[in-house]
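If you count the sequence shown from 1, you need to add 21 to reach the working numbering.
Each remark here refers to the structure printed beneath this line.
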Amino acid sequence: MKSNWKNEEAKKLKGDLLKLRVYTSQLLGNNEDLVMHGGGNTSVKIKEKNIFGEEEEILYVKGSGWDLGTIKEQGFSPVKLSALLKLAELPTLTDVDMVKYQRMAMTNPSAPNPSVETILHGIIPYTFVDHTHADAVVIITNTPGGKSRIQEIYGKNMLIVPYVMPGFILAKTIYEMTKNINWDTLDGMILMSHGVFTFDHDPKRAYENMIDIVTKAENYLKKNKAATIKGAKKGKVNALDIAKIRKQISTTWGAPILTRLDDSAASVAFSHLPNVKKITNRGPLTPDHIIRTKRTPIVFSKNLERDLEKYVTDYKAYFKAHNQGEKLLDQAPRWAVLPKEGTLSFGPTPKHLRVIEDITRHTKKAIFQAEQLGGWKALGKADLFEVEYWSLEQAKLSKAGTPKSMQGKVALVTGAASGIGKACVESLVAQGAAVVALDIVKSIQSTFSQKEVVGIQCDVTNSKQIEKVIEQAVLHFGGIDLLVSNAGTFPPSSKIVDMDEKTWQKSMDINLTSHQRLLKMCTPFLELGHDAAVVLIASKNVPAPGPGAAAYSVAKAGLTQLGRIAAMELGEKGIRVNMIHPNAVFDTAIWTEEVLSRRAKNYGLTIEKYKTNNLLKVEVTSTDVANLAIAMLGNTFGKITGAQVPIDGGNDRVI
Ligand code: ZN
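Have a look at this one:
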């Protein structure tokens, strides 16, 4: 491992201790092999004068909920060191009291809650204290004879701490172990099955000691031929199988969840291991991962339902064996091994999926390397249970708040690069859905910057492309629950007598046939969806056609009829199909300023009057249409199918 310390960068901070603390915390936090997603913590001790002019020593420690990679000065909680040292002397301290007394000792009440390891940081008598969960070190501690390997690598100047629960117990254990120790003789501390602590009065030395310790572990792994996994070739995954798995896991979870396949070369190779079930049944890389990944993944065989039943039974047995009055959490796995095909992540949002993917990528690597060092040996179930059901760990998860109404759902929207389609994507994301946004224009790939959206270029009149895109969508998010079939085109005005074949056919292809094909190909996935619903964007021209628009109106009338029949055919499967008839939605790609003024002139109206030429005298926007679509896809229309709703500000011909 290389040090990323840069003298020029550090110099710019002009000896400001807190700024230097932020700097090296980010160096640690931006290295996935050291910490991930909120893991690890750091601190700095600073002498400050309080409001009474008295000098106090303040421990600035990482605040709970902050990530080392992105932490800022305000992410550190200032706590009076004298209070922490007193707390360390108490024989016992409950979690509730620890949180309370740490908060009482803070000099800024609006700072975040200090880390659970605050007391430990306090008792280490150095200005800078760095703590990580370095992969290479933990891999070695998690093997048979791990402790003697650590002794062999680091010699007598490394304090080796047996595994105990993080928080007060860990602080107390180290407090007792170091009472009669000369700290200056120590290079650092290694916590078995947990991580590494380094410390120094100099930020660079504290940081680089960490790099040195990890490098020694990496070299040991290399020397002992604990190589990383070699890749394997992708298999052919059936998208419908993934959707079936998602359905089962969502049912167990009690809410719709997203599912993503990791078929990277390393993941596929891991899933090929003949003993994959045995080795993944031993536990996570570090105990704090358990709240994200649970203790073990599910390893699928041929019978999905039986595998999941067994997983749930095993989880309940594990709970029963260790529970001391805690409330049983949901029993759904957070990741799965799909033998020979890769691994799957499960989570309510794309962000959750990413966290699980990152953690399990490191877990798989660690298990593989430890196996070559004599065997992967994770913490025992009792210790892991304690962390999984620890109120201070669970508190991290409950910070997320109440889920949005469409969280965990997957929507597919066509014609998504502009106008109504784009507004639908934005509204769906605002409701918490993950969205696959399709459009014929290439720019769709970058139209949306949100992590919840995948933009894919697709010509909806090309069946092969649709088929491929649906598969991509399912491998990315796990299935399809909601469909907004919106792609359309407005052909040039032409009377029937003048209609050319091409204009007619093109309108039929885009405005009618493409919707039928998309609906057909999505149906097997909608059947496996969660409260599945379809919205077809038709037109006011269906109930109130106009001369010169036969190609458009006939196709949209056909689309409406398709929706009515689909509502009948899909009702018994719980899939709702409703239709929207928008009129005069001018903030779409087809309505340029030039077209608008020409049309307005045609009717002898100003643009403003033309835009609001309806009973309510209001302008209808893409967002208005999207809001109606969201209502139709959600609970408001939960008992309605086959409905046609105009959105036009009121039109006497339609009424
Ligand atoms: Zn830790």
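The beta-carbon is built from N, C-alpha and C at its ideal position, and this holds for glycine as well.
These numbers were taken from a predicted model, which means no experiment stands behind them.
Asked, Found
"beta-carbon Leu-503 near the ligand ZN non-hydrogen atom, thresh 8 Å", "no"
"Rounded straight-line distance, which links the Cα of Ala-157 to that of Gly-396", "15 Å"
"Sub-9 Å separation of Val-358 and Phe-321 beta-carbons", "yes"
"Given 8 Å, three or more beta-carbon pairs between the region 66 to 85 and the region 242 to 258", "no"
"Proximity winner among Ile-232, Ser-439, Lys-622 and Glu-53, relative to Val-646 (alpha-carbon distances)", "Ser-439"
"Outcome for Thr-627 when other beta-carbon atoms lying within 10 angstroms are tallied against a minimum of 16", "exposed"
"Start and end residues, alpha helix (DSSP H) containing Phe-389", "371 to 393"
"Lys-385 vs Asn-163 beta-carbon contact at 9 Å", "no"
"Burial state of Glu-629 (16 or more Cβ within 10 Å)", "exposed"
"For Val-606 and Ile-586, the rounded distance between their alpha carbons", "27 Å"
"Range covered by the alpha helix (DSSP H) that runs through Phe-189", "189 to 198"
"Segment limits, alpha helix (DSSP H) that includes Met-119", "116 to 125"
"Residues sharing a beta bridge with Ala-454, DSSP", "According to DSSP, which records beta bridges pairwise, Ala-454 is partnered with nothing at all."
"Enclosing alpha helix (DSSP H) for Trp-525 [first to last residue]", "522 to 529"
"Rounded C-alpha distance that separates Ala-559 from Lys-425", "28 Å"
"Simplified DSSP assignment, three categories, for Thr-219", "strand"
"Sequence-distant residues of its chain with Cβ nearer than 8 Å to Ala-238 (five each side left out)", "Ala-155, Ala-157, Val-158, Ile-160, Ile-161 and Ile-174"
"Rounded separation between Leu-108 and Arg-316 - CA only", "32 Å"
"Contact check, Pro-112 vs Arg-124, beta carbons under 9 Å", "no"
"Cβ pair Asp-530, Thr-482 closer than 9 Å", "yes"
"When Leu-413, Ala-451, Leu-282 and Glu-326 are compared against Glu-378, the one with the closest alpha-carbon", "Leu-282"
"For Gly-401, the three-state DSSP class (helix, strand or coil)", "coil"
"Supposed close pair Glu-94, Leu-39 - CB separation, criterion 8 Å", "5 Å"
"Integer-rounded CB distance, given that Ala-553 should sit under 8 Å from Gly-595", "7 Å"
"His-536 CB to nearest heavy atom of the ligand ZN below 8 Å", "no"
"Contact test: Thr-162 Cβ vs the ligand ZN heavy atom, cutoff 8 Å", "no"
"Cβ neighbour criterion (16 or more within 10 Å) applied to Lys-165", "Here the sequence assigns Pro to residue 165, which means Lys is not the residue at that position. When all chains shown are included, Pro-165 counts as exposed."
"Beta-bridge pairing of Ile-67 - partner residues as DSSP gives them", "Ile-79"
"Integer Cβ distance of Ile-311 from Pro-318, believed to fall under 8 Å", "That belief does not hold up - the Cβ atoms of Ile-311 and Pro-318 are roughly 12 Å apart, past 8 Å."
"Exposure of Arg-674, with buried meaning 16 or more beta-carbon neighbours within 10 Å", "exposed"
"Closest by C-alpha distance to Val-495, when choosing among His-343, Lys-23, Ile-278 and Asn-25", "Ile-278"
"Asn-201 burial status per 10 Å Cβ neighbour count (16 or more: buried)", "exposed"
"Met-677: first and last residue of the uninterrupted beta strand (DSSP E) it sits in", "The requested residue 677 is not part of the displayed model; the chain covers only 22 to 676."
"Limits of the unbroken beta strand (DSSP E) element including Arg-597", "597 to 603"
"Contact check, Asp-328 vs Val-431, beta carbons under 9 Å", "no"
"Same chain, Cβ closer than 6 Å to Leu-533, neighbours up to 5 away in sequence not counted", "Ala-576, Gly-579 and Leu-580"
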